[in-house]
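Quick note, the sequences are listed as chains A and B, same order.
The opening residue of the first sequence carries number 19 in our numbering; numbering runs sequentially from there.
The opening residue of the second sequence carries number 220 in our numbering; numbering runs sequentially from there.
Using N, Cα and C, we set each Cβ at its ideal position, and we do this for glycine too.
Report on the structure given below.
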Amino acid sequence: MSDTKKIRIFMTGVGGQGTLTATTLLAQTVLSQGLPVTSGEIHGMAQRGGVVESTVLIGCKSPKLGIGEADILIGFEPMETMRALPYLKKGGLVVSSIEFMPPLSVAMGKQTCPTIDDIKKAVSACTDKAYYMANQSIGLQAGAVQSGNVAMLGAVCAAGDLPFGPEALEAAIKANLPAKLQAVNLKALELGVAALNA
Amino acid sequence: MANPLLGDTPGDTHLLLGNEAIVRGAIEAGVQVVSCYPGTPSSEVPDTFYRISPEGKYYFEYSVNEKVALEVAGGATLAGALTLCTMKHVGVNVAADPLLTLCYIGAPGGLVLLSADDPGCHSSQNEQDNRIYARIAGMPVLEPASAQEAKDMTRDGLLLSKKHNSPLLLRTTTRVNHLRGAVKFGPAPDPGKAEGFKRNPSKFVPIPAFSRPMHLALMERMEALREEAENSQYNFVTGSGEYGIVCSGISRAYVADALENAGLSDRVSVLELGFSYPLPENKCLDFLKSVKEVLVVEELEPVVENDLRILAQKNGLSLKISGKDVLPRNGEFSVTMVENIIREAMGEAPVPACECTLPELPMRPPNLCAGCPHRGTYFAAKKVFGDDAVYSSDIGCYTLGILPPLQAADFLICMGSSISAGGGVARASGQTVVAFIGDSTFFHSGLTGVANAVFNSHDILIVVLDNRTTAMTGHQPNPGVDKTVIGDNDHPLDIESAVRGLGVTEVRTVNPFNQKKTLAAFEELKALSGVRVLIAKEPCPLFTRRVYKTVAPQVAYVAESCTGRFECLDRLACPAMYKEGGKAAVNPILCNGCMLCLQVCGHIKAKKRGS
Ligand code: SF4
Ligand code: SF4
C-alpha cells in the first residue's frame, strides 16, 4: 500500500441528496483504476434531513478522515462545504455547490445562512484551488437533480489532482449504474467538466 | 442474473459495504439460518440477506426482537444449522438472557452473533463495549477492521464456532459496518440441509445438575479457543523496535495510517489482534518481552489493556503499559489522535493543529420528514395535553419529536420502555402520562408493557404510532405490516385486537392526518382513567413511495392572503415550509401532501401535484 500516493477525499451534503451514491461511484472509479480504496460513510439518521459525511481514501487503511487531512473537499451544499473546511489540508482542492438547501432554523427565519461570498472568503483563507458550480441546476439540465452530484465528481476528476481523469468516471458510470440512469449521468459528467473549465 | 453476493465465483473482486461483506462471508461458510432484529449500524446485514433471500439457500427472518432472534438462532444451531444472528450493541442487552446460557449449551451447528457497536453514538443511545459481554458469557471474539476482513472473519468465525461447538461474537463498530472496500471472493459452496436435532438432555437442558458440568466444558472450550487464537492468522506482529503497540478492531487501521503518516512504521512493533479473545497469551507475552513500553489502542473500554496488565503482572514483567491514560474511553479515535500519541512517545513533534476558524453555522439536526404522520399525532397530543402531561418516548423516528416546536419526548430508556417506564412515572407521582411507541417497537417489547400496565392498573395513555413499517432503520417489515419490499405479509397482526386481547377496553384508532377526529379521540381518552390506547395509523410516506409506489395527489401552497403570522411554521415545523418575503411558503418538491398544514391555517390551500 505504501507505494501508492495517498489521497484523501472528504464529501459532505444533506440527507437525500444522493451523496452516498456519488461516494460509491467515486470509490468504484478508484477501484477500476487498480488503486487500493477504502471509503466510509456516516448516515445514521441522515435521511431525515441531517448532514451526511463520507470519505474516499486512496492508499489508506482507515475509512475515517481527520481534521486537516483532506486533499480534496467536495461539498454538495455550500454551507456544508464551509462546515467541513477544517477537514481540508492547507492548499487542498475544493469543489463546491453554490445552491443552498437551508436547514429548518433558517427556513423558519430563526437563523441566517452565510452568503456565498462568506463561504468563498472562508475557503480562500485555506486554499486558492476552489471551484464552484450550480450542481442542482446542472443536474436538472442533465435530466435529474441528483445527477448534479456526478457533475461535481466530473469536475473533480478534470481538476487534475486525482491519478485519473473524467474518462475513468465515465467508464465507471457505464460499468456500475443501471442502464436507465446512464444517459443522464453521462450528460451530467460532461456538463460538470465543462463547468470546471468555464 | 443472480445477485453477485450469492455466486460461486472465487477470485472475483467487488467493492462492498462492510455489512455486505459480512453477508458474503456467511454465504461462503454455507450459512443455513439467519435471524436478526434490525438496528443501525447492523441493518444492512439483514436487509441484504432479506433482499436476496428469494434466490438464497438459507432461511432468513426478521424476528420481533433480539431475544427472540437469538433464541431462534439457538434452536437452529441445536438442530445442526450453521447460523448467524445479527443486532446492534444495545440489542445484545435484550438478548443477554439466552446468550449467557446458550454459551453453556453450545452451538452444535455453529453460531455467530454479530454485535455492531457504535462508539461515538452515531445512531444510538449509548456506546457500550460488547467485548465485555464475550467475557461474561464465555465466547471468542473476532474484530474485523476492513471489508475484506469483515467477509473473511464472518466465514472463519462460523466455521470455528461449529468446530468448537461455541457461540462466537463478531464485534464490529459503525466505521467497519459502514466502510466500503475491495473484497476478494472465495468459493460459495451449497450449504445443503441442516443435520437435525439429536436428543441429548445432559448437554442441552441446563438444569443445575447438568449446568455445572456444562460450565466446566465451557471453560475447557475457551482454552481450546485460546490455542486457536495463538495460531490465528488474524493475530500478527509487524514492524520492529522497542516501542510496542497492541491494537484491535478499527484502531488497527488508525495505527497503520498513523505510523505511515509519521514515517515511523519501521521503528515501532505492532501486535494486531483481530482474534482478540480469548487472549493469545503466549503470543502477547512474547511481544511484551520484546519491547520496552506498550501502548494499547482500542476504542471504548480498556478490555485488551486490562488483559495485558494481568498477563504482565502474572509474569513479573515491569514494562510500562499505557492505554486509557492517554487515549479517551469514550467516542471514536482518529488517525491524528493516535499519531500524536505515538509521536510524543517517540520524541517527535505533534501534527500541526488546524488553524482554520469558522463562524458558528446553523445546525442541521434531523427532523421528522415532510408529511410524516407522527407530526399530526404529536401536534394533536400537545394541543390537548400541552405541557401538563409527561411524554414518555421510545426508540424510532418519532424520537425526533423531541425537537421544538413539538417537544413530545421527555424521557427515554430503551426499546419498549415508554409504556413500562411511563407506568412507573404515573405510579410514583400521579402525573398524567402519555406514552408514545411505534408499531415495530410495540411488537418488539411493548406488548409485555401493556400486559404489565393492565395487570398493575397503571393510569396511562398509550399512543401507538403505527406507520405500517419500521421506518427508522430503513423500512424493515414487522409483524403488523401488510406489505414489504419483496412482497405481502401473509400474517399481518392487528394492533387493536392485540391490545384488546391484553385486556385494554378503551381503544381508538384514528388517522393522525384527520386532526378533528384525532383531537376528539385524545379529548375522549383524556377524560378517562386506567390504561387507554390510541392507535394513530397512517403509513410513512417514504415507505408508501417505495413499496406501494404511490404519492399523495396534492401538494400544499400558501395563498396570497397569508398574514405572515407563521403559525404553521412555528407550530408544525414541516421541512417543506419556509419564510419568504414576510409570508410562509411551501416547497412543492419537498411537500408530501399530507394536508396537515391546511388544518392548522386557513390560508394554506391544496393544489394538484405538479400544477
Ligand atoms: S401538506 Fe403541509 S404539512 Fe404536509 S408535507 Fe406538505 S407542507 Fe408539510
Ligand atoms: S421516515 Fe417515515 S416515519 Fe420516519 S420521520 Fe420520515 S416520514 Fe416519518
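Considering only beta carbons, the part of the segment 96-114 of chain A lying closer than 7 Å to chain B consists of M97, M100, R101, L103 and P104, in chain order. DSSP places D89 (chain A) inside the beta strand (DSSP E), whose first and last residues are A88 to G93.
Within chain B, H341, T393 and H397 have C-beta atoms less than 8 Å from the C-beta of I60 (chain A), given in sequence order. Residue state for F404 (chain B) is assigned as coil, using DSSP reduced to three classes. Taken in chain order, the members of the segment 139-171 of chain A whose beta-carbon sits within less than 9 Å of a beta-carbon on chain B are A140, A143, C144 and V163. Residue nearest to T728 (chain B) within the set B:G821, B:I714 and B:L721 is B:I714 (criterion: CA-CA distance). A contact is defined here as three or more CB-CB pairs under 8 Å, and the segment 381-395 of chain B meets this definition with respect to the segment 347-364 of chain B. Fewer than three pairs of CB atoms, one per stretch, sit closer than 8 Å, so the segment 522-532 of chain B makes no contact with the segment 562-571 of chain B. Close to chain A, meaning a Cβ-Cβ distance shorter than 8 Å, is no residue of the segment 490-509 of chain B at all.
A check of alpha carbon separations from A206 (chain A) across A:A40, A:F182, A:T30 and A:K24 identifies A:A40 as the nearest.
For the 9 Å CB-CB criterion, V682 (chain B) and I754 (chain B) form a contact. A472, Y473, A475, D476 and E479: these are the residues of the segment 471-489 of chain B whose beta carbon lies less than 7 Å from some beta carbon of chain A, given in chain order. For the options B:N480, B:L631 and B:V522, the alpha carbon positioned closest to that of G86 (chain A) is the one of B:N480.
Any Cβ of chain A closer than 9 Å to the Cβ of K412 (chain B) would place that residue at the interface, and such an atom is absent. Put simply, the CB of G84 (chain A) is near chain B, with a gap under 9 Å to one of its CB atoms. The count of Cβ pairs closer than 8 Å, one atom from the segment 508-528 of chain B and one from the segment 417-427 of chain B, stays below three, leaving the stretches out of contact. Contact of V704 (chain B) with chain A by beta-carbon distance below 8 Å is absent, the smallest such distance being about 16 Å.
With 16 or more other Cβ atoms from the protein chains shown falling within 10 Å of its own Cβ, T30 (chain A) counts as buried.
Across the structure, G275 (chain B) and V113 (chain A) are spaced so that their CA atoms are roughly 42 Å apart. The contact set of V309 (chain B) on chain A, defined by CB atoms closer than 8 Å, is empty, because the minimum CB distance reaches about 14 Å.
The beta carbons of V252 (chain B) and Y277 (chain B) sit about 6 Å from each other, so the pair counts as a contact at 8 Å. Taking 9 Å as the CB threshold, L788 (chain B) lines the interface with chain A. With contacts defined as CB atoms closer than 9 Å, C144 (chain A) and M97 (chain A) fail to qualify as a contacting pair. At least one heavy atom of ligand 1 lies closer than 8 Å to the C-beta of C793 (chain B).
Contact annotation: the segment 343-354 of chain B touches the segment 490-497 of chain B, with at least three C-beta pairs closer than 8 Å. For K601 (chain B), the number of other beta carbons within 10 angstroms of its own is at least 16, and it is reported as buried. Each residue's CA atom was taken as its position, placing G329 (chain B) and F762 (chain B) some 36 Å apart. With the criterion set as a beta carbon lying under 8 Å from some beta carbon of chain A, the members of the segment 619-653 of chain B are L619, in sequence order.
In the three-state reduction of the DSSP assignment, T42 (chain A) falls in the helix class.
Y767 (chain B) has its Cβ no nearer than 8 Å to any heavy atom of ligand 2. Bridge pairing for C304 (chain B): B:S254 and B:L332 [DSSP]. By the Cβ rule, the segment 221-237 of chain B counts as touching the segment 394-404 of chain B, because three or more pairs are nearer than 8 Å. The closest heavy atom of ligand 1 lies 8 Å or more from the beta carbon of A245 (chain B). At a cut-off of 8 Å, the beta-carbon of R66 (chain A) counts as near ligand 2: some heavy atom of the ligand is closer than that.
Listed along chain B, the residues sitting closer than 7 Å to C78 (chain A) by beta-carbon distance are D476. Closest option to C793 (chain B), judged by alpha-carbon separation, among B:G376, B:A825 and B:L625: B:L625.
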